[in-house]
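For the sequence shown, the working numbering gives the first residue as 910, with consecutive numbering after it. Note that beta-carbon positions come from the ideal geometry of N, C-alpha and C, so glycine has one too. Written out below as structure tokens is the structure these notes cover.
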Amino acid sequence: MIRADDFLGPAKAAGFTFFSGVPCSFLTPVINRVISDRELRYVAAASEGEAVAIAAGAWLAGRKSAVICQNSGLGNAVNPLTSLNHPFRIPSMLIVTWRGGPGVKDEPQHQLMGEITPALLDVIRVPHRPFPKSQADVAPALAAAQASMDETGLPFAFVMEDGDVAEENLDGEPMPPHSPGVTRDLAKGGERPSRYRTMERLLSFVPDDAGIITATGKCTRELFTIADRPQHLYQIGSMGCVAPMALGVAMNVTSPVIALDGDGAALMKMGAMATVGVYGSANLVHVVLDNGTYDSTGGQPTVSNSVDFAAVAGACGYAGAYSCDDLEGFEIAVRDSLAQGGPRLVHMRIAPGSMSKLGRPGVAPSEVARRFQDFLKPYRKAGG
């Protein structure tokens, strides 16, 4: 058994200062110490997949990042680990608990995952080793993890068992009180523009120092067709992860960060809006381009017609939120968001469909990630 600082101290010295995750009783000492240490940053995610995306965004902004979660949460994390970290070659250190492990009498819901945890990590090609159980094990364990991440550009996991870390009290600041944001309705009810025209309009006035991250599907493909620039990050998987990834970036840079989301993607991880509302910084603008369909898979309807994303954002603590359905209102909303500070959400209702003969990003995801990281370097916050 070790104390949490026996691991976190050397990890911090190695540069791991940004953590995101979802609690587990096995992890309590580590999470408590991360929250209590003013030199570390912890983002409490609504889901494990969201935590993976937040950590990936922090890495893009120059921070070594870690994700901490229960092994049951690997189910939520599999998609971004395989469709975000893997193709973009984004390394994160994982600390995953082993509920229901060998010889451990645990709750029924942990039995199957306890049996398959190491095999599941193997299947998704995440190298792993036991969490260090003594101070002497810490340095070589961290060295092995770092060497693996340096070689592959991919995550590495420590698997923590019950009792690996001694109990620690929590000495952190409470979450800020809820403060609903102001919503503004700019919708006119007329003919709605296409997504392509809306993004063309955005690029006509958005600052050159703004990083833009697009949700998977037609949004990514159309932005690439309009303009391929180093400040564009095209998500090609990890549906629902654009807002949390943008959050991880925005928390660690001074430049504007714009997340271009879709209605289906935003609905998939709507819990991320609560996280953005609490942790989102003034430079983050979250745009939901809502055409009411899953456009990339044949136009099947989403349930967004009955969802007021601006009201949700306001209730989640975004500083402001806007509803619009034409290009003039859209430009007013985004310009105001950039000028007033956020996080702010722009719910833009657009026409379904996309341009014909639509291409796909012709730049390898790993290259997209690294040129985006290079673009952000001048804007990194101190300590990043």
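Item checked: Residue from Arg-1138, Pro-1165 and Leu-1021 with nearest C-alpha to Arg-1279 -> For Arg-1279, the closest alpha carbon among the candidates Arg-1138, Pro-1165 and Leu-1021 is that of Arg-1138.
Note to self: What would DSSP say about Leu-1294, mapped onto helix, strand or coil?
What the structure shows: Since the first and last residues shown for the chain are 910 and 1293, residue 1294 lies out of range.
Margin query: Need the endpoints of the beta strand (DSSP E) that Ala-1228 sits in, please.
Written below: Element bounds for Ala-1228: n/a, residue is neither H nor E.
Check: Based on the DSSP output, what are the partners of Gln-1209 in its beta bridges?
Finding: Tyr-1203.
Notebook entry, point to check: When the Cα atoms are used, what is the spatial distance from Ala-1035 to Leu-990?
Noted result: Strictly speaking, residue 1035 in this sequence is Val, with Ala absent from that position. Linking Val-1035 to Leu-990 through their CA atoms gives a straight-line distance of about 9 Å.
Next item on the list: Taking 8 Å as the cut-off, decide whether the C-beta atoms of Glu-1237 and Phe-1114 are in contact.
Entry: A distance of 8 Å or more separates the beta carbons of Glu-1237 and Phe-1114.
Check: Would you call the stretch 982-989 and the stretch 947-966 in contact, with 3 or more CB pairs under 8 Å?
Finding: yes
Notebook entry, point to check: Do you know how far the Cα of Asp-1204 is from the Cα of Met-1108?
Noted result: 16 Å
Notebook entry, point to check: What number of angstroms, rounded off, separates the C-alpha of Gly-1180 from the C-alpha of Gly-1271?
Noted result: Taking the straight line joining both Cα atoms gives about 32 Å.
Next item on the list: Let me know the alpha helix (DSSP H) ranges lying completely inside the stretch 1018-1082, each 4 residues or longer, listed in chain order.
Entry: 1020-1032 and 1044-1061
Note to self: Give me, in chain order, the residues of the same chain whose beta-carbon lies closer than 6 Å to that of Ala-1174; leave out the 5 immediate sequence neighbours on both sides.
What the structure shows: Ala-1124, Met-1148 and Gly-1149
Notebook entry, point to check: Do you know offhand how far Leu-1051's Cα is from Thr-1061's?
Noted result: Rounded to whole angstroms, Leu-1051 to Thr-1061 spans 15 Å at the Cα level.
Next item on the list: Assuming Val-1151 and Val-1194 form a contact by the criterion Cβ under 8 Å, report the distance between their Cβ atoms to the nearest whole angstrom.
Entry: That pair is no contact at about 12 Å.
Notebook entry, point to check: Beta carbon of Asp-1199, beta carbon of Ile-1259: below 8 Å?
Noted result: yes
Check: Touch check for the stretch 1002-1015 and the stretch 935-950: three-plus C-beta pairs under 8 Å?
Finding: yes
Next item on the list: Would you check if the stretch 1247-1267 and the stretch 939-953 touch, i.e. whether three or more CB-CB distances between them fall below 8 Å?
Entry: no
Checklist line | First through last residue of the alpha helix (DSSP H) which encompasses Tyr-1188 | finding: 1180-1188
Check: DSSP state of Asp-1170, grouped into three classes?
Finding: strand
Check: Rounded to a whole number of angstroms, what is the C-alpha to C-alpha distance between Asn-1078 and Asn-941?
Finding: 6 Å
Check: Taking Phe-927 as the reference, which of Val-1032, Ser-1001 and Val-1221 has the closest Cα?
Finding: Among Val-1032, Ser-1001 and Val-1221, the Cα nearest to that of Phe-927 is on Ser-1001.
Notebook entry, point to check: Should Ala-1228 and Ala-1219 be called a contact, given that it needs their Cβ atoms to be closer than 8 Å?
Noted result: Ala-1219 sits away from Ala-1228, with the two beta carbons spaced by 8 Å or more.
Next item on the list: Using beta-carbon positions only, say whether Leu-969 and Phe-1281 come within less than 8 Å of one another.
Entry: yes
Notebook entry, point to check: What residues in its chain sit with their C-beta under 7 Å from that of Ser-1043, if we drop five residues either side in the sequence?
Noted result: Ile-911
Next item on the list: Compute the Euclidean distance between the alpha carbons of Ala-1048 and Pro-919, then round it to the nearest angstrom.
Entry: Straight-line Cα distance between these residues: approximately 7 Å.
Next item on the list: Return the chain-ordered list of same chain residues with a C-beta closer than 8 Å to the C-beta of Asn-859, the five sequence neighbours on each side being excluded.
Entry: The question about residue 859 has no answer here: the residues shown for the chain are numbered 910 through 1293.
Check: Using CA coordinates, which residue listed in His-1141, Glu-1131, Asp-1046 and Ser-981 is at the minimum distance from Asp-1117?
Finding: His-1141
Note to self: Buried or exposed for Pro-1064, going by 16 or more other Cβ atoms inside 10 Å?
What the structure shows: buried
Next item on the list: Return the first residue and the last residue of the alpha helix (DSSP H) that Asp-1245 is part of.
Entry: 1236-1249
Item checked: 7 Å Cβ shell around Ala-960 - same chain, five flanking residues per side excluded -> Ser-929, Gly-930, Val-931, Ala-954, Val-976 and Cys-978
Next item on the list: Below 8 Å CB to CB, which residues in the same chain sit around Gln-1144 once its five sequence neighbours on both sides are set aside?
Entry: Leu-993, Ile-1122, Thr-1123, Ala-1124, Thr-1125, Thr-1129, Cys-1150, Val-1151 and Met-1154
Check: Closest by CA to Val-1221, which one among Lys-973, Val-1197, Pro-1210 and Ala-964?
Finding: Val-1197
Note to self: Can you tell me where the beta strand (DSSP E) holding Asp-1094 begins and where it ends?
What the structure shows: 1091-1094
Next item on the list: Can you have a look at Met-1069 and say buried or exposed, based on whether 16 or more other CB atoms are within 10 angstroms of its CB?
Entry: Its Cβ being crowded by 16 or more others within 10 Å, Met-1069 is buried.
Note to self: Using a 10 Å radius around the Cβ and a threshold of 16 neighbouring Cβ atoms, would you call Leu-1333 buried or exposed?
What the structure shows: It is not possible to answer for residue 1333, since the shown part of the chain is limited to 910 through 1293.
Next item on the list: Alpha carbon to alpha carbon, how far is Val-952 from Val-1187? Give it in angstroms, no decimals.
Entry: 9 Å
Check: So who's on the other strand from Ala-1152, going by DSSP bridges?
Finding: In DSSP, Ala-1152 forms no bridge with anything.
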